[in-house]
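Colleague: Mind looking over this structure? Questions follow.
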Amino acid sequence: MQCSWPDIKTPYNESQLLKAFIFADPHLLGPRKGHWLDKWRREWQMHQAFQSIILLHRPEAIFVLGDLFDEGEFSTDRQFAGYVARFHELFPVPADTQMHVVAGNHDIGMHDYISRHSDQRFKKYFNTTSVQFMTIKDNHFVLINSMAMNGDSCDLCTQARNHILKVAGIFKCAQDAKFCYDGIKKIEFSKPILMQHFPLYRKSDAVCTDPDAPPLPERNYEFIPRYHSLSKEGTDFLVTRVKPKVSITPNDYAVHKCELPKETIIVITGLIMLFVVIWLTKQRKLIGR
């Protein structure tokens, strides 16, 4: 393996040193699409890559940032249960390793097509919510269901916004005791790491110039807000309320490091991606994120 954990040259607190493995978009094929041989090949390669990373690098936490499945939103309950079983067979984790999952649009559908049932089904199987707040080794993480950031008055978006406001209150309390109240969760303050399936708003990847940036002319394709990225309004809400130090998202089936226009947040590539997932799905381009 050519990958290794980065050397940390600056002074750091040992209690905050967390080895995290982050990947996204395995797109396990469903009953409608794909040939059985292609399906077997993809899954064997992903399983081998995942097992190698677990064995060699021994991450303490694993984050899966959406689109676990290719046809999750179209699946019957029986098919979805089989999907979940396959996911855990392909990506088994040691008992002492945490795995946290966020939903992608292929798991439950795009915002306008999400049913209450598909949303609740995903949450039930993966023990998740639209907004997750957790602290691992003194590092704070806020995981978001991107489809719940559409900004309308539907139940999914309303509940997510209310939950984000509660999380924002926890951080305000951690900074200043005058914002605390009985029953609020107490934490040591540090800015959180934001994770979700869609990237924060930007017009395109034209601002991304790192070696792992999308190739031209794809880099200049304009994003459709709420489809390829969060809306400007949703992004402003998250950035002003959560105030993350880092936002980590999969983007066009790769991970990019970009300085966001008119933002101070930087999308950082401190991740290891499953190279077979990138290779096998690269042809999807911007369709059906």
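If you want our numbering, it's the 1-based position in the sequence shown plus 904. All residues carry an ideal CB built from backbone N, CA and C; glycine is no exception.
1) Looking only at its own chain, which residues have a Cβ that is under 8 Å from the Cβ of A1081, when we skip the five neighbours before and after it?
2) In angstroms with no decimal places, state the Cα-to-Cα distance between A989 and K937.
3) To the nearest angstrom, how far is it from the Cα of F1107 to the Cα of D1086?
4) Kindly indicate which three-state DSSP category F1127 falls into: helix, strand or coil?
5) Beta carbon of F1045: closer than 7 Å to some heavy atom of the ligand ZN?
6) State the beta-bridge partners of H1004 as determined by DSSP.
7) Would you call D1016 buried or exposed, if buried means 16 or more other Cβ atoms sit within 10 Å of its Cβ?
8) Less than 7 Å between C-beta atoms, sequence neighbours within five positions excluded: which residues of the same chain meet that for F1127?
9) Could you tell me the alpha carbon to alpha carbon distance between I1068 and L1060, rounded to whole angstroms?
10) How far does the beta strand (DSSP E) with Q1036 in it reach, from first residue to last?
11) On the DSSP bridge list, what partners appear for A924?
12) In its own chain, which residues sit with a C-beta less than 8 Å from the C-beta of L994, not counting the 5 before and 5 after it?
13) For a quick check, are the C-beta atoms of A985 and A924 less than 8 Å apart?
14) Going by CA-CA distance only, name the one from T1001, A1007, Q1079 and L972 that's closest to K1147.
15) Assuming F991 and G934 make a contact with CB atoms under 8 Å, what is their CB distance in whole Å?
16) Report the residue ranges of all beta strand (DSSP E) runs contained in full by the segment 1010 to 1081; include only those spanning at least 3 residues, in chain order.
17) Let's test the definition: count the other Cβ atoms within 10 Å of the Cβ of F1037 and tell me whether it reaches 16, buried, or not, exposed.
18) Within the same chain, show all residues whose beta-carbon is closer than 8 Å to that of Y1029, passing over the 5 residues directly before and after it, in chain order.
19) Span of the alpha helix (DSSP H) holding V1146?
20) Report the residue from N1054, L1142, H939 and R1025 whose alpha carbon sits nearest the alpha carbon of G976.
21) Please classify H1196: is it buried, with 16 or more other beta-carbons within 10 angstroms of its beta-carbon, or exposed?
22) Where does I1212 sit, in a helix, a strand or coil, going by DSSP?
23) Over the uninterrupted alpha helix (DSSP H) stretch that includes V1111, give me the two end residues.
24) Measuring alpha carbon to alpha carbon, tell me which residue in E1137, N1043, H1101 and G1055 is nearest I1091.
25) Return the first residue and the last residue of the beta strand (DSSP E) that L1098 is part of.
26) Around the Cβ of D1114, are there at least 16 other Cβ atoms within 10 angstroms (buried) or fewer (exposed)?
Modeller: In this structure, then:
1) The count along the sequence shown starts at 1 and reaches residue 1081 at position 177. Once the five neighbours on either side are set aside, A1081 has no close Cβ partner at all.
2) By 1-based counting over the sequence shown, the position of residue 989 is 85. By 1-based counting over the sequence shown, the position of residue 937 is 33. C-alpha separation (whole angstroms): 19 Å.
3) Numbered from its first residue, the sequence shown carries residue 1107 at position 203. Numbered from its first residue, the sequence shown carries residue 1086 at position 182. The sequence given here places Lys at residue 1107; Phe does not occur at that position. Each residue's alpha carbon lies about 43 Å from the other.
4) Here the question's residue 1127 lines up with position 223 in the sequence shown. Reduced to three states, the DSSP call for F1127 is coil.
5) No copy of the ligand ZN appears in this structure; indeed no ligand is present at all.
6) Taking the sequence shown and counting its residues from 1, one reaches residue 1004 at position 100. The partner list for H1004 (beta bridge, DSSP) reads F967.
7) For this step, residue 1016 is matched to residue 112 along the sequence shown. D1016 should be labelled exposed.
8) The sequence position of residue 1127 within the sequence shown is 223, counting from 1. Here the set comprises R1106, K1107, S1108 and S1133.
9) Taking the first residue of the sequence shown as position 1, residue 1068 is located at position 164. Taking the first residue of the sequence shown as position 1, residue 1060 is located at position 156. About 12 Å.
10) In the sequence shown, residue 1036 corresponds to position 132, counting from 1. Its beta strand (DSSP E) spans residues V1035 to I1040.
11) For the purposes of this step, residue 924 is taken as residue 20 along the sequence shown, with counting starting at 1. The partner list for A924 (beta bridge, DSSP) reads A965.
12) By one-based count along the sequence shown, residue 994 stands at place 90. Excluding positions up to five away in sequence, the list reads P930, L932, E947, M950, H951 and F954.
13) As a position in the sequence shown, residue 985 is number 81, starting the count at 1. As a position in the sequence shown, residue 924 is number 20, starting the count at 1. No. Outside cutoff.
14) By 1-based counting over the sequence shown, the position of residue 1147 is 243. Nearest option by C-alpha distance: Q1079.
15) Along the sequence shown, read from residue 1 onward, the residue named residue 991 stands at position 87. Along the sequence shown, read from residue 1 onward, the residue named residue 934 stands at position 30. Wrong, their Cβ atoms sit about 12 Å apart, outside the cutoff.
16) 1035 to 1040 and 1043 to 1048
17) As a working mapping, residue 1037 is identified with position 133 in the sequence shown. So F1037 counts as buried.
18) Along the sequence shown, one-based indexing puts residue 1029 at 125. F984, A985 and V988.
19) Mapped onto the sequence shown, residue 1146 falls at position 242. Note, V1146: alpha helix (DSSP H), K1136 to V1146.
20) Working through the sequence shown from its first residue, we reach residue 976 at position 72. Cα-wise, what sits closest to G976 is R1025.
21) Since the first residue of the chain shown is 905 and the last is 1193, residue 1196 is not available in this structure.
22) This structure cannot speak to residue 1212, because the chain is shown only from 905 to 1193.
23) One-based indexing of the sequence shown puts residue 1111 at position 207. Where V1111 is concerned, there is no enclosing alpha helix (DSSP H), given that its DSSP letter is neither H nor E.
24) The residue labelled residue 1091 in the question sits at position 187 within the sequence shown. Comparing Cα-Cα distances from I1091 to each of E1137, N1043, H1101 and G1055, the minimum goes to N1043.
25) Here the question's residue 1098 lines up with position 194 in the sequence shown. Segment I1097 to M1099, the beta strand (DSSP E) holding L1098.
26) Here residue 1114 is taken as the residue at index 210 of the sequence shown, counted from 1. So D1114 counts as exposed.
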